[in-house]
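Participant: Structure below; questions to follow.
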Amino acid sequence: MAEIVNEFDLVVEPGRAEKNYWNDLWRFRELFFFLAWRDILVRYKQTAIGLAWSVIRPFLTMIVLTFIFGRVAKLPNEGVPYQILVYAAMLPWQFFSTSFSDASNSLITNTNMLTKIYFPRLIIPASTVIVNVVDFLISFVILIGLMIYYHFLPPWHIVFLPLFLLLAFLTSMGAGLYVAALNVKYRDFKYIIPFVVQFGMYISPVGFSSNNISDKLRLLYSLNPMVGVIDGFRWCILGGQSKIYVPGMILSIGFTFLLLFFGIWYFRRTERTFADII
Amino acid sequence: MGVVIKVEDLGKSYIIRHQGQSGYVALRDVIAEKVKDTFSKTKHLVTNTPIPKIAAKEEFWSLKDVSFEVNQSDRVGIIGRNGAGKSTLLKILSRITEPTLGRFSTKGRIASLLEVGTGFHPELTGRENIFLNGAVLGMHRAEIKKKFDEIVDFSEVEKFLDTPVKRYSSGMYVRLAFAVAAYLESEILVVDEVLAVGDLQFQKKCLGKMQDVSQSEGRTVLFVSHNMGTINQLCNKGILLKAGRISDMGSTGDIVRRYMKSGSTNGQIERSSVSGTLVPIINFSEISINGLHSNDIYISPSNELRIGLKGVCNHDMDYFRTGITILKDGIKLFSSHNHPEPQPIKKGKFQSEFFIPKYVLRPGDYSISIFGHDNGNNRKGTEWIYGNEVLTFTILEEWDTINDFNNEGIFNLPVEP
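Chains as they are written, first to last, in our numbering: chain B, 1 to 278; chain V, 279 to 695.
As structure tokens, this is what we get:
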């Protein structure tokens with residue numbers, strides 16, 4: 001009998017998964033939306049506090065930071081109410097820190113899916129971050145409230161805000177992917193994450209303006225990608241009084257992309273062993 | 279009919295670490311490893327106990343040189359003992375893990391069902407979980423919407439569609455989860471032992487559905503089960519795996535028969551499957567039920583069970599006894615000891631027997647874990663040895679007036695005449 005010519009549409013060999021990967025990522029896009037939708041449903045469904053939490057947390061932190069940096073340390077307020085100065089930075093910081101820690105832990109919390117179903121693993125950390133975008137939007141309402149209370153009119157720059165939110169998203173993804181992959185292998189990494197987040201808040205210009213940093217150190221300071229994000233947010237929300245330090249911004253953005261590239265590279269490299277070691 | 283799955287020289291190796299029980303590495307451990315090593319050597323020198331040999335890493339081939347082809351609309355049963363590589367094979371075919379060697383090619387969409395209800399979230403309602411689980415299995419939204427009514431119908435949980443699944447009974451949960459999978463439109467369906475959970479009636483319904491799917495729609499099914507009856511009923515071809523290699527292929531009837539026969543040499547307890555502080559002293563060698571050693575022991579509910587455990591002891595001990603634990607689906611049902619009190623034991627061979635009255639265990643698959651402990655008076659704490667699920671056996675589905683089909687629960691209690 002003549003051999004029937006078969007055209008197999010999938011060939012799997014060690015180390016050859018690469019080719020299908022980005023195709024698969026597109027094919028599984030609906031899973032991405034469903035997982036994001038699941039996280040959102042779960043976050044706001046069960047807990048009455050769920051919704052309130054995304055409002056209370058940044059608000060209380062803002063009050064504390066305003067008191068410490070504005071009243072006690074008496075740092076300059078750049079001509080805007082200190083509350084708004086702090087809150088404009090609280091928004092991206094909160095978004096980054098929760099996204100980063102959620103993404104870092106996402107693979108561990110979804111262990112059963114990892115070991116039972118095939119899909120591009122990138123979907124898990126990426127979809128986890130979406131729920132934090134919703135949180136961000138809710139927290140944003142407080143900012144509007146603050147603006148109304150202090151009769152503060154934002155400048156036209158505010159239309160660029162989504163760009164800086166995207167930058168914050170990319171930063172948290174870059175760092176999150178890298179740590180998520182490490183977390184699978186070295187399970188005690190989860191103890192390091194909260195520390196990094198807490199530490200990060202103090203070395204990022206959340207409670208004060210980065211204009212307080214001396215010119216000599218400014219470029220070095222901008223190596224922290226969140227400096228670029230926060231400066232950008234302040235520029236969008238506070239306008240003229242908060243100028244962007246251009247070399248620093250470029251450095252921050254460049255570093256974000258480097259981080260993202262490195263994060264994806266490391267994640268992709270270790271991804272195929274996740275199911276074996278998790 | 280064309281070949282839809284072609285597997286060539288597939289192999290998968292794992293690195294096993296003998297130190298530590300966890301499968302993952304902790305950064306802390308990596309750093310502390312050297313320090314600990316030195317410390318334990320010193321400790322053994324001080325207490326004058328032998329330094330255990332440390333074989334740090336070992337390569338283990340859980341699958342090797344596996345080649346086969348599957349034609350369209352074949353229903354292939356994959357059988358083999360625990361650890362024969364069945365699950366690894368399914369995991370590779372469903373692309374969860376990568377093969378170390380070889381390759382496989384497939385034609386058409388593969389859907390795999392290695393667990394019932396993967397991605398189910400307890401807080402979400404039945405309706406929401408249908409969509410979520412569908413997406414997890416690779417269905418599109420439009421597809422799920424189209425089949426939604428059929429899925430609900432099949433699952434028989436219509437009334438509870440808007441209840442969070444955390445309030446479902448386990449039966450309802452399984453029914454809903456399987457219903458989603460049953461309506462997957464894929465050319466190839468890979469199914470691990472997932473039916474073992476549902477009730478008998480629903481299991482039959484699912485099997486019927488799977489048979490339908492492959493016969494009328496030309497779909498290909500790869501199926502793993504320990505239940506030979508199910509394999510016989512569902513599959514037209516069988517693949518028998520043994521220690522990671524294909525030992526036989528052919529028609530289901532032949533393969534199942536050969537598999538049941540081949541079991542008669544087993545019953546040996548692997549040294550690597552036991553752990554505990556007594557490992558250097560106690561060596562469990564063999565376990566049997568009613569004199570049967572195989573890993574496929576079928577016993578009628580109307581027979582009593584005598585479980586024999588043999589082993590060798592390297593030291594005299596003052597207070598020692600052995601025991602067994604019976605498990606079903608990983609749940610420990612009960613334990614039994616060979617003596618009411620720990621006994622002195624001499625160096626050399628020993629043998630224990632445990633007894634389970636007839637009718638107590640209801641039909642189903644069970645496994646046995648073994649243990650021994652020594653709470654000697656001159657030592658602090660208890661020395662122990664434990665072998666997890668070293669033998670499995672099946673109580674046959676034979677119903678009578680005592681083991682009544684309509685009885686509920688895990689056990690039957692014998693009735694005084």
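Ideal Cβ positions, reconstructed from N, Cα and C, are used throughout, including at glycine.
Find the nearest neighbour of F69(B) within the set V206(B), F119(B), G248(B) and P247(B), judged by alpha-carbon distance.
Facilitator: The shortest C-alpha separation from F69(B) is found at V206(B).
Participant: What residues of chain B sit near R419(V), judged by a beta carbon separation below 7 Å?
Facilitator: Within 7 Å Cβ-Cβ: E30.
Participant: Less than 9 Å between the C-beta atoms of G601(V) and H651(V), yes or no?
Facilitator: Closer than 9 Å, so yes.
Participant: Provide the residue span of the beta strand (DSSP E) that contains D526(V), from first to last.
Facilitator: Looking at the DSSP string, the run of the beta strand (DSSP E) that includes D526(V) is R523 to S529.
Participant: Go ahead and pull the three-state DSSP assignment for M62(B).
Facilitator: If DSSP states are grouped into helix, strand and coil, M62(B) belongs with the helices.
Participant: Quick check: what's the CA-CA separation for I374(V) versus S464(V)?
Facilitator: The alpha-carbon atoms of I374(V) and S464(V) are separated by roughly 17 Å.
Participant: If the criterion is Cβ atoms closer than 9 Å, does the pair V552(V) and G665(V) meet it?
Facilitator: In this structure, G665(V) lies closer than 9 Å to V552(V) by Cβ.
Participant: In chain D, which residues lie less than 9 Å from I123(B) when you measure between Cβ atoms?
Facilitator: Included in the structure are the protein chains B and V, with no chain D among them.
Participant: When DSSP labels each residue in this structure, what does K444(V) get in the three-state scheme?
Facilitator: Correct three-state label for K444(V): helix.
Participant: Using the Cβ count rule (16 or more neighbours within 10 Å means buried), how would you classify V159(B)?
Facilitator: Flag for V159(B) reads exposed.
Participant: To which residues of the same chain is L170(B) closer than 6 Å at the C-beta, ignoring the five residues directly before and after it?
Facilitator: Taken in chain order, the residues that qualify are T256 and L260.
Participant: Specify whether the segment 360-378 of chain V and the segment 505-513 of chain V touch according to this definition: at least 3 beta carbon pairs, one from each stretch, less than 8 Å apart.
Facilitator: Short answer: they don't touch.
Participant: Any idea if Q94(B) is buried or exposed, counting beta-carbon neighbours within 10 angstroms, 16 or more meaning buried?
Facilitator: It counts as buried.
Participant: Kindly give me the distance between the Cβ atoms of G763(V) and N561(V), rounded to whole angstroms, as I take these residues to be in contact under 8 Å.
Facilitator: As displayed, chain V neither begins before 279 nor continues past 695, which places residue 763(V) out of reach and without an answer.
Participant: So, is the C-beta of I370(V) closer than 9 Å to a C-beta in chain B?
Facilitator: It does; some Cβ of chain B falls within 9 Å.
Participant: Is it true that the CB of P618(V) sits closer than 9 Å to the CB of N681(V)?
Facilitator: The answer is no: Cβ separation not under 9 Å.
Participant: Taking C-alpha atoms, which residue in I193(B), Y186(B) and G174(B) lies nearest to R268(B)?
Facilitator: R268(B) has its Cα closest to that of G174(B), out of I193(B), Y186(B) and G174(B).
Participant: Does the separation of the CB atoms of L31(B) and V414(V) fall below 9 Å?
Facilitator: Yes. Within cutoff.
Participant: So, with DSSP's three-state summary, where would you put P622(V)?
Facilitator: It is a strand residue.
Participant: Could you tell me how far apart the beta carbons of I84(B) and F152(B) are, in whole angstroms, since I believe they sit closer than 8 Å?
Facilitator: Yes, they are in contact, since the Cβ atoms of I84(B) and F152(B) sit about 6 Å apart, within 8 Å.
Participant: Output, in chain order, the set of chain V residues within a Cβ distance shorter than 9 Å of N105(B).
Facilitator: None at all; the shortest Cβ gap to chain V is about 14 Å.
Participant: Between S647(V) and the ligand COA, is there a pair consisting of the residue's CB and a ligand heavy atom that are separated by less than 8 Å?
Facilitator: Of the ligands one can find in the structure shown there are none, so the ligand COA has no counterpart to examine.
Participant: Use the C-beta contact count for Y644(V): other C-beta atoms within 10 angstroms, 16 or more gives buried, fewer gives exposed.
Facilitator: Buried, since its Cβ has 16 or more Cβ neighbours within 10 Å.
Participant: Cα-Cα, which of F426(V), G395(V), I524(V) and I356(V) is closest to V452(V)?
Facilitator: Out of F426(V), G395(V), I524(V) and I356(V), G395(V) has the C-alpha closest to the C-alpha of V452(V).
Participant: Along the segment 382-405 of chain V, what residues have a CB closer than 8 Å to any CB found in chain B?
Facilitator: Listed by position, the residues of the segment 382-405 of chain V near chain B (Cβ gap below 8 Å) are F382, S383, T384, K385, G386, I388, S390, L392, E393, T396, G397, H399, E401 and L402.
Participant: Specify the secondary structure class of R381(V) as computed by DSSP and reduced to three states.
Facilitator: If DSSP states are grouped into helix, strand and coil, R381(V) belongs with the strands.
Participant: For K290(V) versus T403(V), is the C-beta spacing smaller than 9 Å?
Facilitator: Contact flag unset, no.
Participant: Whole angstroms are fine: how far does the CA of P247(B) sit from the CA of Y221(B)?
Facilitator: The straight-line gap from Cα to Cα measures roughly 11 Å.
Participant: Look at the Cβ atom of G412(V), then the Cβ atom of I466(V), and state whether they are nearer than 9 Å.
Facilitator: No; because the gap between Cβ atoms is not below 9 Å, this pair is not in contact.
Participant: By alpha-carbon positions, which one of T270(B), L217(B) and A168(B) ends up nearest to Y245(B)?
Facilitator: Selected option, being the one with the closest Cα: L217(B).
Participant: Starting from the Cα of E286(V), find the closest Cα among F346(V), Q629(V), K319(V) and E336(V) and give me that residue.
Facilitator: For the residues F346(V), Q629(V), K319(V) and E336(V), the minimum Cα distance to E286(V) belongs to F346(V).
Participant: Checking 9 Å against the spacing of the C-beta atoms, do S252(B) and V229(B) come in under that value?
Facilitator: Yes. Within cutoff.
Participant: Going along chain V in order, which residues have a C-beta closer than 8 Å to the C-beta of Y118(B)?
Facilitator: What Y118(B) touches in chain V: S372, R373, I374 and S390.
Participant: With a 10 Å radius around its C-beta and 16 neighbouring C-beta atoms as the bar for buried, classify P162(B) as buried or exposed.
Facilitator: Per the 10 Å Cβ criterion, exposed.
Participant: May I ask you to verify whether the segment 191-201 of chain B touches the segment 124-135 of chain B, counting CB pairs closer than 8 Å and requiring at least 3?
Facilitator: Verdict: no, contact absent.
Participant: For K284(V), decide whether its Cβ has a neighbour in chain B, counting only Cβ atoms nearer than 9 Å.
Facilitator: Cβ-Cβ to chain B under 9 Å: yes for K284(V).
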